[in-house]
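Student: Under the UniProt record's numbering, the first residue of the sequence shown carries the number 1, and numbering increases by one thereafter.
Beta carbons: idealized from backbone N, C-alpha and C, even for Gly.
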Amino acid sequence: MATQIYLNLPVKDLKRSVDFFTALGFSFNPDYTDENATCMIINDNAFVMLLVEGFFKTFTSRDVADATTSTEAITAFSVDSKEAVDETVRKALAAGGTPSQEVQDYGFMYNHSFQDPDGHLWEVMWMDPAGPSAEGGAPAGSDGQLT
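As structure tokens, then:
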């Protein structure tokens, strides 16, 4: 069995979050949905659990970050084309999201970001299957080595 990834995010209003992500084309697993949580399907092996903030707090003894004032993570997902990046961000903004970063176009990689209604940062990206070599290398300053 392939490893599955579950990202857990706190939300203030579950219905608002479901409506927002439905507008972006995502679906939800009803078997893992109730008044406290829902399971948003990214693909067969990746899911986002949207948990009402009070319920989310039962899984940690630490403070829950306020995503509207600090960045706890940037969640990125890929789409099939540059046009799909732009269309997904357009849908996010139309559904109540807010702009985050401007488009970043590296030739072989193209991304654009938005914030969902709870302030979580999302990055929609497209990457040329040929990789950086398709454009003559990685972005300036990137040698691909860990330091």
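Provide the residue(s) that pair with N29 in DSSP beta bridges, ordered along the chain.
Tutor: Within the sequence shown, the letter at position 29 stands for residue 29. According to DSSP, which records beta bridges pairwise, N29 is partnered with C39.
Student: Less than 7 Å between C-beta atoms, sequence neighbours within five positions excluded: which residues of the same chain meet that for L24?
Tutor: As a first step, residue 24 is located in the sequence shown; it is residue number 24 there, counting from the start. For L24, where only same-chain residues beyond five positions count, the Cβ hits under 7 Å are T88, K91, A92, A95.
Student: Closer than 8 Å is the cut-off here; do at least three beta carbon pairs connect the segment 7-22 with the segment 37-55?
Tutor: yes
Student: Relative to the C-alpha of S81, which residue among E35, F26, H112, L121 is closest?
Tutor: Your numbering for residue 81 matches position 81 in the sequence shown. The shortest Cα separation from S81 among E35, F26, H112, L121 belongs to H112.
Student: What number of angstroms, rounded off, separates the C-alpha of P129 from the C-alpha of N43?
Tutor: Here residue 129 corresponds to residue number 129 of the sequence shown, with the count starting at 1. Here residue 43 corresponds to residue number 43 of the sequence shown, with the count starting at 1. C-alpha separation (whole angstroms): 19 Å.
Student: Whose C-beta lies closer than 6 Å to the C-beta of V103 among residues of the same chain, with five residues either side of it excluded?
Tutor: Here residue 103 refers to the residue found at position 103 of the sequence shown. Cβ within range, chain order: H112.
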